[in-house]
Amino acid sequence: MAIGGKSRVAKRSSSVSYASTVTTVVFVTLCVLGVWMLTSNSVSSPQTTTTTRTVTDTNSDIAFSGSNEEQPSKINEDQKDKAVFEDNPGQLPDEAVKPDDDKVSESDDLDKVKEGAAVEETRHGLQGKESAEEQEKQKMSETQISEESVLTQNQQSKQNGLKEVEDNKQMSNEEPIKVHQEETINNQDPSEDQDQIRVVEKKQINEKPKERRAKKKKKHAESIERPLETTMIGKSKKDDVAEMEDEPRVNKPKIQDQLEEDEPKGTKQPNQDQLEEDESKGTKQLNQDQLEQDEPKGNKLQNHDQQESQVQGIDNATFNDETKDKPEILNTTQTDTFQSLLKTKTNQETTEKDTHIEAQQQHESTSEETLGSTIPKESTESKNAWKSQKAQSENEKERRRDESSGKEGLYGYTWHLCNVTAGPDYIPCLDNEKALKKLRSTRHFEHRERHCPEEGPTCLVPLPKGYKRPISWPKSRDKIWYNNVPHTKLAEFKGHQNWVKVSGDFLTFPGGGTQFIHGALHYIDFLQQSVPNLKWGKRTRVILDVGCGVASFGGYLFDRDVLTMSFAPKDEHEAQVQFALERGIPAISAVMGSQRLPFPCRVFDVVHCARCRVPWHAENGMLLLELNRVLRPGGYFIWSATPVYQKLPEDVEIWNAMSSLTKAMCWDLVTIKRDKLNSVSAAIYRKPITNECYDKRPDNNPPMCEENDDANAVWHVPLRACMHRVPINPAERGTRWPAHWPNRLQKAPYWLNRTQMGIYGKPAPQDFVKDYEHWTRVVSKLYMSGLGISWSNVRNVMDMRAVYGGFAAALKDIKVWVMNVVNLDSPDTLPIIYERGLFGMYHDWCESFSTYPRSYDLLHADHLFSKLEKRCKLQPVLAEVDRIVRPGGKLIVRDESDAIGEVENLLKSLHWEVHLTFSKDQEGILSAQKGDWRPTAYPASI
Numbered sequence: 001m002a003i004g005g006k007s008r009v010a011k012r013s014s015s016v017s018y019a020s021t022v023t024t025v026v027f028v029t030l031c032v033l034g035v036w037m038l039t040s041n042s043v044s045s046p047q048t049t050t051t052t053r054t055v056t057d058t059n060s061d062i063a064f065s066g067s068n069e070e071q072p073s074k075i076n077e078d079q080k081d082k083a084v085f086e087d088n089p090g091q092l093p094d095e096a097v098k099p100d101d102d103k104v105s106e107s108d109d110l111d112k113v114k115e116g117a118a119v120e121e122t123r124h125g126l127q128g129k130e131s132a133e134e135q136e137k138q139k140m141s142e143t144q145i146s147e148e149s150v151l152t153q154n155q156q157s158k159q160n161g162l163k164e165v166e167d168n169k170q171m172s173n174e175e176p177i178k179v180h181q182e183e184t185i186n187n188q189d190p191s192e193d194q195d196q197i198r199v200v201e202k203k204q205i206n207e208k209p210k211e212r213r214a215k216k217k218k219k220h221a222e223s224i225e226r227p228l229e230t231t232m233i234g235k236s237k238k239d240d241v242a243e244m245e246d247e248p249r250v251n252k253p254k255i256q257d258q259l260e261e262d263e264p265k266g267t268k269q270p271n272q273d274q275l276e277e278d279e280s281k282g283t284k285q286l287n288q289d290q291l292e293q294d295e296p297k298g299n300k301l302q303n304h305d306q307q308e309s310q311v312q313g314i315d316n317a318t319f320n321d322e323t324k325d326k327p328e329i330l331n332t333t334q335t336d337t338f339q340s341l342l343k344t345k346t347n348q349e350t351t352e353k354d355t356h357i358e359a360q361q362q363h364e365s366t367s368e369e370t371l372g373s374t375i376p377k378e379s380t381e382s383k384n385a386w387k388s389q390k391a392q393s394e395n396e397k398e399r400r401r402d403e404s405s406g407k408e409g410l411y412g413y414t415w416h417l418c419n420v421t422a423g424p425d426y427i428p429c430l431d432n433e434k435a436l437k438k439l440r441s442t443r444h445f446e447h448r449e450r451h452c453p454e455e456g457p458t459c460l461v462p463l464p465k466g467y468k469r470p471i472s473w474p475k476s477r478d479k480i481w482y483n484n485v486p487h488t489k490l491a492e493f494k495g496h497q498n499w500v501k502v503s504g505d506f507l508t509f510p511g512g513g514t515q516f517i518h519g520a521l522h523y524i525d526f527l528q529q530s531v532p533n534l535k536w537g538k539r540t541r542v543i544l545d546v547g548c549g550v551a552s553f554g555g556y557l558f559d560r561d562v563l564t565m566s567f568a569p570k571d572e573h574e575a576q577v578q579f580a581l582e583r584g585i586p587a588i589s590a591v592m593g594s595q596r597l598p599f600p601c602r603v604f605d606v607v608h609c610a611r612c613r614v615p616w617h618a619e620n621g622m623l624l625l626e627l628n629r630v631l632r633p634g635g636y637f638i639w640s641a642t643p644v645y646q647k648l649p650e651d652v653e654i655w656n657a658m659s660s661l662t663k664a665m666c667w668d669l670v671t672i673k674r675d676k677l678n679s680v681s682a683a684i685y686r687k688p689i690t691n692e693c694y695d696k697r698p699d700n701n702p703p704m705c706e707e708n709d710d711a712n713a714v715w716h717v718p719l720r721a722c723m724h725r726v727p728i729n730p731a732e733r734g735t736r737w738p739a740h741w742p743n744r745l746q747k748a749p750y751w752l753n754r755t756q757m758g759i760y761g762k763p764a765p766q767d768f769v770k771d772y773e774h775w776t777r778v779v780s781k782l783y784m785s786g787l788g789i790s791w792s793n794v795r796n797v798m799d800m801r802a803v804y805g806g807f808a809a810a811l812k813d814i815k816v817w818v819m820n821v822v823n824l825d826s827p828d829t830l831p832i833i834y835e836r837g838l839f840g841m842y843h844d845w846c847e848s849f850s851t852y853p854r855s856y857d858l859l860h861a862d863h864l865f866s867k868l869e870k871r872c873k874l875q876p877v878l879a880e881v882d883r884i885v886r887p888g889g890k891l892i893v894r895d896e897s898d899a900i901g902e903v904e905n906l907l908k909s910l911h912w913e914v915h916l917t918f919s920k921d922q923e924g925i926l927s928a929q930k931g932d933w934r935p936t937a938y939p940a941s942i
């Protein structure tokens, strides 16, 4: 209006040709003045503070939100808002703020008109050079507004905007304020922003004498608000596009403003870290798309592009399932560390064929440290320096093992439910009815031992009816969901001994046992008082509990910092091991039968039997001699059973036989103590630490084992009634007791020979240290927060291919236990794992594991599947993984890229949620979560 007014003043001063139209002009003027007076009375006071700040900050590519506060609070508000709106560089084009339905509300239009009038008022306030006479002339000319000026008002507003940009450029040259481009906004020095604000405030104070004139102009602008509403709505979008093309210098700030303007009013602004992340991931993509498609497509298209940009911006920091509800899983620091490592699958259906994601090159050093180049590589030469369990076992027995046929892949396989009698409790190697029927004898509990199918099953175990996600530790030690293990027989037979009881929807565990009805903790303290040298949690760290029942003894030993390997057979004591695992207590299904236990020799600090119903004295003491094999020299055997304290003829007979046998084995009877509260007694024996007693025995009975009998060979090796000599070489394992816990965890065992090559090609002690450092780094930097795992819901963990136990050692500070599995054909490092205060067992993953379905919360497989596929098909292995993992449980795989791809496809066919896959230099990582899906059909009968 000011430009149009000036042109009319010039014409009027140069000629009096308008005299003939005075009457018409006066009439029009009176009408306009009347409208102005009515409108100005209903308009609020002008927001001088807001307009001045907006104009000044536009010159510095930073937009601050307005404020209705008065002048004394402007500085504080500027400092407060500066960091929040730091990435808003300029004003938006008109169509950028229109709603999706192209209907502009009256309140929004009023805000736009006020903002335009405020900018106009500020421009004149900054110029401040017009004389009072010119102001009077303008006022007179404004009273002569004709109908023509109203019709051309939109065009004049555009001219005012262009002039305003030029005026702002001129002011920016006069003021000592540095203008930054969009890409450096987030790194702008806060001190510069504060200096700019101070300059603005100083100008406002100096311009107070001109406020009156500015207010008059603003009132005039407000008087034409309603005419402007219609003209602004009808403004041509093509003209706006032309403006953006003519002003490429301010185009990016406008696009950035659009991201903020499209947000709902009242939405909390993101913090600085999120702004930086969004800028780096999404904003640049959006700006490029808008510059290429700078066409009047409407606000709906702009909102769509903006939404895609926002999704792309958060793509690498989002996970399925748990991560959706936990945005704190990847904070800013972790995102910077693993940005190039973690590539999230936000749409698995569209990326079905893209199994491996290429690594970004921006953070190469960090990625290599976490995943790729620095993963310890096993040395081929080291294989000659280590015996495997397979090699050791083959020297002791003849065993036929089916070789893998290596048939075609099984992608797209249709899964079926397992059609077996055991139903939801199916353990393939213990419920092999076909093999059990062929047994010639069950005298040595052969029917409780492993008899695996010739080919691993490829069916899926159904869920029990009403199954729920397990209760978390430590509450699970006291109660579990009844529907998860719906068995009541044990409660009926052992409820009076406080084993387990049924209580509504729960099975509760009072903490008792046959020998400790009044609770396991009292019994544990009783044993400590009986033999002070036990030193629970220091000298005694890893123990074996035979015939564990529901494993309450091992469950409460966690309070004493002791790990207990509990085992019991799958027998008439229905689901006792399953109860233990559901409670979060380590246990396996095994039996003292005809074969050696799957543990190395001389590894357990204590062996415990509380009325375990094992005939120790039978068969020349063969079963007790097996305990002697796994017991560490100087370790204790605790026997709490009726023969110790009852005088029934049968008990007396057993006691006499045990006394003769233990004496012949050179075990020292340390003490027999009476527990008055539970009315039981315990006999505690100690294994010798030298061979002196063996050499002085008058009779070689039980006999000493042959020198070539490998005490570490256990895989399907039959028991023998003989004893192995105690090692006497100071450098040999078993001659010294390990360091107290927890010092033994991080120290390489004293018997690791420096001349022996380690698994990764370095001397064995250095290999041990390197492995521990590697897994500590991986667990702390990636596993704890980078995979979307809620560790508070994790209790039972298995390392499917442990080497030195570094993964389990890295988890020592959280409330989990880890079953370390050393594979049959891998270097025999299991004794090292026990030496550092951890536990585990031998296993061949071409066969089923000796545990119940739904036993583990997390499985970890490091370079397992690439080695397995050389011997057996992966499809039965993944079916076994699905069997032993609980619904909601996790699988972490680190392996070669090809193996990762095959595992991923199989997991998808099992309806697992694949949260993450990443590969670099032919090495990859995968994280997946099991769901509740089960097939509904059984395989067709042949």
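If you're matching positions, the sequence shown starts at 1 in full-length UniProt numbering and goes up one per residue. The beta carbon of each residue, even a glycine, is placed where N, CA and C say it ideally should be.
Exposed or buried, what is PRO264 when buried is set at 16 or more other beta-carbons lying within 10 Å of its beta-carbon? Any reading at PRO264 needs caution, since the residue's pLDDT is 37, under 50, leaving its predicted position unreliable; the model's value is listed next. By the neighbour-count criterion, in which a residue is buried when 16 or more other Cβ atoms sit within 10 angstroms of its Cβ, PRO264 is exposed.
Taking Cβ to Cβ, would you say ALA683 is nearer than 8 Å to TRP751? No Cβ-Cβ contact shorter than 8 Å links ALA683 with TRP751.
Does the segment 455-470 come close enough to the segment 414-424 that 3 or more CB-CB pairs lie under 8 Å? In this structure the segment 414-424 touches the segment 455-470; the number of beta carbon pairs closer than 8 Å is three or more.
Quick one: is ARG596 buried, meaning 16 or more other Cβ sit within 10 Å of its Cβ, or exposed? Around the beta-carbon of ARG596, 16 or more other beta-carbon atoms lie within 10 Å, marking it buried.
Beta bridge counterpart(s) of TRP536 as assigned by DSSP: Answer is THR540.
Extent of the continuous beta strand (DSSP E) run through LYS920: That run of the beta strand (DSSP E) goes 913-920.
Enumerate in chain order the residues of its own chain whose CB-to-CB distance from LEU557 is below 6 Å, with the five nearest sequence positions on each side excluded. So the qualifying residues of the chain are THR564.
DSSP state of SER927 mapped onto helix, strand, coil: Looking at SER927 - three-state DSSP - the assignment turns out to be strand.
Measuring straight from C-alpha to C-alpha, what distance separates ASN168 and HIS774? Confidence at ASN168 is low in this model, with a pLDDT of 47, below 50, so its placement is unreliable and the value that follows should be read with caution. Here the alpha carbon of ASN168 sits roughly 58 Å from the alpha carbon of HIS774.
Helix, strand or coil, according to DSSP, for HIS447 in the structure here? When secondary structure is reduced to three states using DSSP, HIS447 falls in the helix class.
Give the secondary structure of LYS468 by DSSP, where H, G and I count as helix, E and B as strand, and everything else as coil. Under the three-state reduction of DSSP, LYS468 is assigned to coil, being neither helix nor strand.
Whose C-alpha, out of PRO486, MET37, LYS479, is nearest the C-alpha of residue 945? A query on residue 945 cannot be resolved here, the shown segment of the chain reaching from 1 to 942 and no further.
Cutting at 6 Å between CB atoms, please list the residues of its own chain near LEU544, excluding the five before and the five after it. Excluding residues within five positions, the ones whose Cβ falls inside 6 Å are MET565, PHE604, VAL607.
Please list the terminal residues of the continuous alpha helix (DSSP H) segment that includes PHE526. From DSSP, the alpha helix (DSSP H) with PHE526 extends over 520-530.
Tell me the DSSP secondary structure of CYS693 in three-state form. If DSSP states are grouped into helix, strand and coil, CYS693 belongs with the helices.
Taking ARG836 as part of the alpha helix (DSSP H), name the residues at either end of that continuous run. Bounds of any alpha helix (DSSP H) do not take in ARG836, whose DSSP letter is neither H nor E.
Which one of LYS890, PHE567, TRP845, ARG674 has the shortest CA to CA distance from HIS863? In this structure, TRP845 is the residue among LYS890, PHE567, TRP845, ARG674 with its C-alpha nearest to the C-alpha of HIS863.
Mind reading off the beta-carbon distance from PRO569 to SER589? Whole number of angstroms is fine, and I expect it under 8 Å. With a Cβ gap of about 7 Å, PRO569 and SER589 count as contacting.
Helix or strand or just coil, what does DSSP make of ALA899? Annotated three-state conformation of ALA899 is helix, per DSSP.
With which residues is HIS487 paired in a DSSP beta bridge? In DSSP, HIS487 forms no bridge with anything.
Inspect the CB distances between the segment 809-820 and the segment 536-543 and report whether three or more fall short of 8 Å. The segment 809-820 vs the segment 536-543: no contact.
Cβ shell of SER552 (< 7 Å), same chain only, five flanking positions each side left out: Excluding sequence neighbours, SER552 sits near PHE509, GLY511, GLY512, GLY513, ALA520.
DSSP state of ILE789 mapped onto helix, strand, coil: In the displayed model, ILE789 falls within coil according to three-state DSSP, outside both helix and strand.
Touch test, the segment 851-861 against the segment 787-801, Cβ-Cβ under 8 Å, three pairs minimum: Here the segment 851-861 lies against the segment 787-801, with 3 or more beta-carbon pairs under 8 Å apart.
Can you tell me which of THR755, LEU719, GLU847, ALA580 puts its alpha carbon nearest to the alpha carbon of MET622? Distance check between MET622 and each of THR755, LEU719, GLU847, ALA580 places LEU719 closest, using alpha-carbon atoms only.
Sequence ranges, beta strand (DSSP E) only - wholly within the segment 637-703, length at least 3: List check, beta strand (DSSP E) in window: 668-675, 680-686.
Using DSSP with H/G/I as helix, E/B as strand and the rest coil, what is VAL606? DSSP places VAL606 in strand when its eight states are reduced to three.
Can you grab the Cα-Cα spacing for the pair TYR834 / TYR685, in whole Å? Approximately 21 Å, taken between the alpha carbons.
State the start and end residues of the unbroken alpha helix (DSSP H) segment that holds THR442. Taken as a continuous stretch (DSSP letters only), THR442 belongs to no alpha helix (DSSP H), as it is neither H nor E.
Contact check, HIS843 vs PRO600, beta carbons under 8 Å: No, the Cβ-Cβ distance between HIS843 and PRO600 is not below 8 Å.
In three-state terms, what does DSSP make of MET723? Note: MET723 maps to strand in three-state DSSP.
DSSP has PRO718 in a bridge; who is on the other side? The partner list for PRO718 (beta bridge, DSSP) reads GLN595.
What are the boundary residues of the alpha helix (DSSP H) that ASN743 is part of? That run of the alpha helix (DSSP H) goes 743-746.
How would you label LYS676, buried or exposed, when you count the other beta carbons within 10 angstroms and need 16 or more for buried? Exposed, by the Cβ-count rule.
Which class does ILE480 belong to by DSSP, given the choice of helix, strand or coil? Of the three classes helix, strand and coil, the one that applies to ILE480 here is strand, per DSSP.
Give the single residue among ASN533, LEU868, SER850, TRP912 whose Cα lies nearest to the Cα of GLY634. Proximity to GLY634 across ASN533, LEU868, SER850, TRP912 peaks at ASN533, based on C-alpha coordinates.
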